[in-house]
Amino acid sequence: MTNPQITLSAATIHNPDEPRHFMRIKPVNSHVGIRLGNTILADSSNAVRLLEVGRDFYDPMIYVPPQDIIVVLDPVAGRTTHCPLKGEAAYFSYAGWTPLTPDDYLAWSYPEPLEFARELAALVAFNPAHVTIEEVPG
């Protein structure tokens, strides 16, 4: 959804209620590996990078398709959040990981994103505070 009052890329998605909150989803043009210590969690050549500006410039996030996730992620019961650009987020843990706090999470996804964020449907992002994300060219 573009906003004619703001000059940005045509591919930029704006929050309809707050056009200064926007994001861009771009393919990652390299191979992505995601590790937890020595455990490979995901291995993908089909990742996307989400760039978002809201109350601040948020760190870019890499999302991978579920078929590129090697381990079994466990849903975190009762934990969801809402983003006006992306929709309801579901959170995940992993049996080989110990959360630092009861509210901690290893990964998240938007199983049924809002229509203008449908590119994110079922893709999974890993919490960079807990994993190593490596990009290897081509």
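FYI, this note's numbering numbers position 41 of the sequence shown as 216, with every residue one higher than the one before it.
Positions of the beta carbon are idealized from the N, C-alpha and C atoms, including for glycine.
Spatial distance of residue i from residue j (CA atoms)
{"i": "P194", "j": "A292", "result": "15 Å"}
{"i": "F301", "j": "I209", "result": "8 Å"}
{"i": "L211", "j": "A296", "result": "24 Å"}
{"i": "G313", "j": "F267", "result": "29 Å"}
{"i": "I308", "j": "V207", "result": "7 Å"}
{"i": "R230", "j": "N213", "result": "35 Å"}
{"i": "V203", "j": "L226", "result": "12 Å"}
{"i": "M236", "j": "H196", "result": "16 Å"}
{"i": "A304", "j": "A186", "result": "29 Å"}
{"i": "I244", "j": "L216", "result": "6 Å"}
Pick from the options that is closest to residue i, judged by C-alpha positions
{"i": "D249", "options": "F232, L226, D231, T273", "result": "T273"}
{"i": "M198", "options": "A217, H206, D234", "result": "D234"}
{"i": "Q242", "options": "R254, D218, L226, A252", "result": "D218"}
{"i": "L298", "options": "V239, G271, T276", "result": "V239"}
{"i": "A265", "options": "V306, A222, G253", "result": "G253"}
{"i": "N190", "options": "S220, V228, L216", "result": "V228"}
{"i": "V246", "options": "M236, Y269, I188", "result": "Y269"}
{"i": "I188", "options": "E294, L216, S220, G271", "result": "E294"}
{"i": "V306", "options": "L289, G271, E290", "result": "G271"}
Exposed unless 16 or more other CB atoms sit within 10 angstroms - verdict on residue i
{"i": "G262", "result": "buried"}
{"i": "F232", "result": "exposed"}
{"i": "E310", "result": "exposed"}
{"i": "A222", "result": "buried"}
{"i": "I200", "result": "buried"}
{"i": "L281", "result": "buried"}
{"i": "L275", "result": "exposed"}
Any non-hydrogen atom of the ligand MG closer than 7 Å to residue i Cβ
{"i": "H189", "result": "Looking for the ligand MG in the displayed structure turns up nothing, as the structure carries no ligands at all."}
According to DSSP, residues forming a beta bridge with residue i
{"i": "N190", "result": "E193"}
{"i": "R199", "result": "L226"}
{"i": "Y354", "result": "Residue 354 lies beyond the stretch modelled for the chain, which goes from 176 to 313, so this question has no answer here."}
{"i": "F267", "result": "P250, A282"}
{"i": "D218", "result": "G208"}
{"i": "H305", "result": "Note: H305 sits in no beta bridge, so no partner."}
Point to revise | Segment contact, 8 Å Cβ cut-off, at least three pairs: the segment 251-265 with the segment 278-292 | key: The segment 251-265 vs the segment 278-292: in contact.
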